[in-house]
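Chains as they are written, first to last, in the numbering used here: chain A, 213 to 573; chain B, 2 to 367.
These notes are about the structure you will find just below.
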């Protein structure tokens, strides 16, 4: 199976931004950021460029700083014909039956071009603002019930008998959603579960089709990936790329992304307040060495967040790196770059054809 | 203020552009929409877009998108349908209790930004215990209203306090809640306070919720005399009153009466009446079941209510009779109406062409 490449969906206003600094997460959480506003013009431009670049899906992230993912996926899906969306949602904020009703409705409107990324939540403070007071591991226990119920709805409404469930967090009696999931011969969407904690990995193993995690070196990932593949689960890596014609240009382009120190201090404070294992892992990587491998750089994490671990190199070097991940069993990647649109166009033009070439031989 | 007219969004698959449909066929499609094999659960953008444009042209302000497990999700449908329309407002039915208020506000605010504020809400507390339990909700009738009260209190905080809320109640706790995507008020009649909120129901908790949190109380149509006490209470509280009803207009009174009575199912075997009984947890439904059926005035008819429920209360007559009845309700203090008919498309066209101009004339003379 060919490697599958997805891209991070731009935040509101991001498509028009020319520098990486403007797009730092610290700025997008400010009151004045355009990230809170739907941006159909920018999003449509991005979505069409993604389709042309050979990108399979765009991941829409969920937070209180951004518009709702399900409704944005609907509007963007109406404006595109091929691109899929991976819709992130937090499992504790909605009854599973209602979530299934929304996802099924969306699937019929955009011909099933969607997948879901169920997130248990990343910050206790943000969760409490949503009315959710559970601690980290309990959030995962609830997410497991949530997904078990969703999957039961997607299995012909409990095989035609209606969905019954009596758990710790949810209880349902003869649940039935009449609007069906429509798309690609699947009875429900692909399910991505992200996170590095034991709880997250356990959830991915039991309830997901794909485990989503931050990129690391192939050596560090090998044994975990093997475990998931043996269990019939895919593994997808979140990363950023900087691709330039020469290694030296790539390195200079990467270093030029470092913004001013004040943003670094604020982002570091956000990362330290979080109760997410993923974020702590990323910060430790950045603090330890910066460079995790010859082309893998964590130097941007303190500025742009945990998902900013970056593959830096020439198109050939990057294609080789993707193939090396393919060899240990990784099948999917969710990528970002700066500026988002330009780096994606470069990736589609320079890197992806080399990957396909190597896959063919 | 001029009377405001809204319409029910037809069920998916009910409107087929270019095809004609008898009133009986339209009624049958709608009555069967909750049974296995109906196409109503599948969104139908072609039919809906056609209907929406005809309704806009007819002078209809909003379409009400109902919520049930038999239908697509109203928020997602509005997001799709909003792109295809310019003026129409989407009145979304929703059930408090199925989503955290902050997540709901985030969805609604997102929609309001994408649709330029063309959004309003119809809160329903749920009418069937079996359906609620299928959604994971096991509260009893009055508790559902108590929870809805907290739900709306939190939503209103978000809308009125620049996206921030703090709340401790029996059903919800929100600590330093913040939704960054704002409610977009372009074109909204409700200023910067969030969407207009329609609250339906005949029970005391429903009435109380309407006076405390509603912009408009929705009830089933009845004679001006019968609705007078409820209307007076709402108007004193500064709340608008809206009526839900179906309409049938024909050239003569007798034709309209015959058209109405021809809709009564003949060989139903009690199936429809049994399905109405399933809505066991709604006072509106229990009242309808005990009130009997027939002509409750020269033009107001409840002949379909035992089979399909109270919102099938029907106003039948000539365009002039219909216009006069709407004006009589206006005199009684009613300001808004949510209409439907059989078929929806023909009826909304007729209403815009034959009835609405007479109403506007009458309003100008009063």
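We put the beta carbon where it would ideally sit given N, CA and C, even for glycine.
Bear in mind that the values here come from a model prediction, so they are computed numbers and not experimental data.
Can you find the residues in the same chain that come closer than 8 Å, C-beta to C-beta, to residue 564(A), ignoring five residues on each side of it along the sequence?
In the first chain, the residue the question calls residue 564(A) occupies position 352. The residues are 217, 265, 266.
Which class does residue 384(A) belong to by DSSP, given the choice of helix, strand or coil?
Within the first chain, the letter at position 172 stands for residue 384(A). For residue 384(A), the secondary structure class from DSSP, reduced to helix, strand or coil, is strand.
Can you list, in chain order, the residues of its chain whose CB lies under 7 Å from that of residue 262(A), leaving out five sequence neighbours each side?
Taking the first chain and counting its residues from 1, one reaches residue 262(A) at position 50. Excluding residues within five positions, the ones whose Cβ falls inside 7 Å are 219, 270, 295, 556.
Under the three-state reduction of DSSP, which class applies to residue 496(A): helix, strand or coil?
Taking the first residue of the first chain as 1, we reach residue 496(A) at position 284. Looking at residue 496(A) - three-state DSSP - the assignment turns out to be helix.
Using DSSP with H/G/I as helix, E/B as strand and the rest coil, what is residue 223(A)?
By one-based count along the first chain, residue 223(A) stands at place 11. Coil.
At 3 residues or longer, and completely inside the stretch 42–82 of chain B: list those beta strand (DSSP E) runs for me, N to C.
63–66, all fully within the stretch 42–82 of chain B.
How would you label residue 190(B), buried or exposed, when you count the other beta carbons within 10 angstroms and need 16 or more for buried?
Translated into the one-based positions of the second chain, residue 190(B) becomes position 189. Note that residue 190(B) has pLDDT 48, beneath the 50 cutoff, so the model's placement of it is unreliable and the number below is only indicative. Label assigned to residue 190(B): exposed.
Name the chain A residues that come within less than 9 Å of residue 173(B), Cβ to Cβ?
Mapped onto the second chain, residue 173(B) falls at position 172. Those are 343, listed as they occur along chain A.
Find out if the Cβ-Cβ distance for the pair residue 236(B), residue 334(B) is shorter than 8 Å.
For this step, residue 236(B) is matched to residue 235 along the second chain. For this step, residue 334(B) is matched to residue 333 along the second chain. Yes, the Cβ-Cβ distance between residue 236(B) and residue 334(B) is below 8 Å.
Could you tell me the distance, in whole angstroms, from the CA atom of residue 55(B) to the CA atom of residue 354(B)?
Taking the second chain and counting its residues from 1, one reaches residue 55(B) at position 54. Taking the second chain and counting its residues from 1, one reaches residue 354(B) at position 353. Going by the C-alpha atoms only, they are around 11 Å apart.
Rounding to the nearest angstrom, what Cα-Cα distance links residue 99(B) and residue 11(B) in this structure?
Residue mapping note: residue 99(B) aligns to position 98 of the second chain, counting from 1. Residue mapping note: residue 11(B) aligns to position 10 of the second chain, counting from 1. Looking at the two C-alpha atoms, the distance is approximately 24 Å.
Cβ contact (3+ pairs, closer than 8 Å) linking the stretch 448–464 of chain A and the stretch 424–433 of chain A
With contact defined as three or more Cβ pairs closer than 8 Å, the stretch 448–464 of chain A and the stretch 424–433 of chain A are in contact.
For the stretch 308–323 of chain B against the stretch 245–262 of chain B, are there 3 or more C-beta pairs whose distance is under 8 Å?
Three or more pairs of CB atoms, one per stretch, sit closer than 8 Å, so the stretch 308–323 of chain B contacts the stretch 245–262 of chain B.
Is the beta carbon of residue 352(A) closer than 8 Å to that of residue 332(A)?
Taking the first residue of the first chain as position 1, residue 332(A) is located at position 120. Taking the first residue of the first chain as position 1, residue 352(A) is located at position 140. Here residue 332(A) is near residue 352(A), since their CB atoms are less than 8 Å apart.
Would you decide whether residue 179(B) is buried or exposed? Buried here means 16 or more other CB atoms lie within 10 Å of its CB.
Taking the first residue of the second chain as position 1, residue 179(B) is located at position 178. The residue in question, residue 179(B), is buried, as its Cβ has 16 or more Cβ neighbours within 10 Å.
Does the separation of the CB atoms of residue 559(A) and residue 215(A) fall below 8 Å?
On the first chain, position 347 is the one that residue 559(A) refers to. On the first chain, position 3 is the one that residue 215(A) refers to. Their beta carbons are not under 8 Å apart, which means residue 559(A) does not touch residue 215(A) by this criterion.
Starting from residue 212(B), trace the beta strand (DSSP E) both ways and give me its first and last residue.
Indexing the second chain from 1 puts residue 212(B) at position 211. In the DSSP annotation of this structure, residue 212(B) is not part of any beta strand (DSSP E); the continuous alpha helix (DSSP H) holding it starts and ends at 205–214.
Output the boundary residues of the alpha helix (DSSP H) element that contains residue 528(A).
The residue you call residue 528(A) lines up with position 316 of the first chain. DSSP places residue 528(A) in the uninterrupted alpha helix (DSSP H) bounded by 527–539.
Does residue 221(A) get closer than 8 Å to chain B when you measure Cβ to Cβ?
Position 9 of the first chain holds residue 221(A). Not one chain B Cβ lies under 8 Å of residue 221(A).
With a threshold of 16 other CB atoms inside 10 Å of the CB of residue 9(B), please say whether the residue is buried or exposed.
For this step, residue 9(B) is matched to residue 8 along the second chain. Burial call: buried.
Please compile the residues from chain A whose C-beta is within a distance smaller than 9 Å of the C-beta of residue 153(B).
Translated into the one-based positions of the second chain, residue 153(B) becomes position 152. In chain order: nothing, as chain A lies at least about 14 Å away.
Could you check the C-alpha separation between residue 66(B) and residue 505(A) for me, to the nearest Å?
Along the second chain, read from residue 1 onward, the residue named residue 66(B) stands at position 65. Along the first chain, read from residue 1 onward, the residue named residue 505(A) stands at position 293. Cα to Cα, residue 66(B) sits roughly 55 Å from residue 505(A).
Residue 402(A) to residue 328(A) span [Cα, whole Å]:
Start at 1 with the first residue of the first chain, and residue 402(A) comes out as number 190. Start at 1 with the first residue of the first chain, and residue 328(A) comes out as number 116. So the two alpha carbons sit approximately 6 Å from each other.
Expected contact under 8 Å - CB spacing of residue 132(B) and residue 204(B) to nearest Å:
Translated into the one-based positions of the second chain, residue 132(B) becomes position 131. Translated into the one-based positions of the second chain, residue 204(B) becomes position 203. The Cβ separation is near 18 Å, so there is no contact.
Verify the CB distance criterion: does residue 190(B) have a CB-CB separation below 8 Å to chain A?
By 1-based counting over the second chain, the position of residue 190(B) is 189. In this predicted model, residue 190(B) has a pLDDT of only 48, less than 50, meaning its place in the structure is not dependable enough to derive any value.
Please list the partners that residue 43(B) has in chain A, where partner means a Cβ-to-Cβ separation under 8 Å.
The sequence position of residue 43(B) within the second chain is 42, counting from 1. Contact of residue 43(B) with chain A by beta-carbon distance below 8 Å involves 320, 391, 392, 394.
Would a check of beta-carbon distances place residue 252(A) closer than 8 Å to chain B?
Within the first chain, the letter at position 40 stands for residue 252(A). Residue 252(A) counts as touching chain B.
Three-state secondary structure (DSSP) of residue 99(B)
On the second chain, residue 99(B) is found 98 positions in, with the first residue counted as 1. In this structure, DSSP gives residue 99(B) a state outside helix and strand, which the three-state scheme calls coil.
Per-residue contacts from residue 306(A) into chain B (C-beta, under 8 Å)
Within the first chain, residue 306(A) is the residue found at index 94, counting from 1. Close partners of residue 306(A) in chain B (Cβ separation under 8 Å): 99, 100, 101, 104.
Assuming residue 251(B) contacts residue 319(B) (C-beta within less than 8 Å), just tell me the rounded distance between them.
In the second chain, the residue the question calls residue 251(B) occupies position 250. In the second chain, the residue the question calls residue 319(B) occupies position 318. Rounded, the Cβ-Cβ distance is 7 Å, consistent with contact.
Report buried or exposed for residue 330(B), applying the criterion of at least 16 other Cβ atoms within 10 angstroms of its Cβ.
What you label residue 330(B) is simply residue 329 of the second chain in a count that begins at 1. Its Cβ being crowded by 16 or more others within 10 Å, residue 330(B) is buried.
Whose CA, out of 481(A), 463(A), 231(A), 279(A), lies closest to the CA of residue 113(B)?
Translated into the one-based positions of the second chain, residue 113(B) becomes position 112. Closest by C-alpha distance to residue 113(B), out of 481(A), 463(A), 231(A), 279(A), is 279(A).
If we define contact as Cβ-Cβ less than 8 Å, is residue 246(A) a contact residue for chain B?
Looking up residue 246(A) in the first chain gives position 34. No, its Cβ sits nowhere closer than 8 Å to a Cβ of chain B.
Residue of 539(A), 517(A), 507(A) minimising C-alpha distance to residue 530(A):
Walking along the first chain from the start, residue 530(A) turns up at place 318. Residue 507(A) is the option with its Cα nearest to residue 530(A).
Measuring only the C-alpha atoms, how far is residue 137(B) from residue 387(A)?
Against the second chain, residue 137(B) aligns to sequence position 136. Against the first chain, residue 387(A) aligns to sequence position 175. As the crow flies, the alpha-carbon of residue 137(B) is around 8 Å from that of residue 387(A).
Is it buried or exposed, residue 354(A), if we count other Cβ atoms within 10 angstroms and call 16 or more buried?
On the first chain, residue 354(A) is found 142 positions in, with the first residue counted as 1. It counts as buried.
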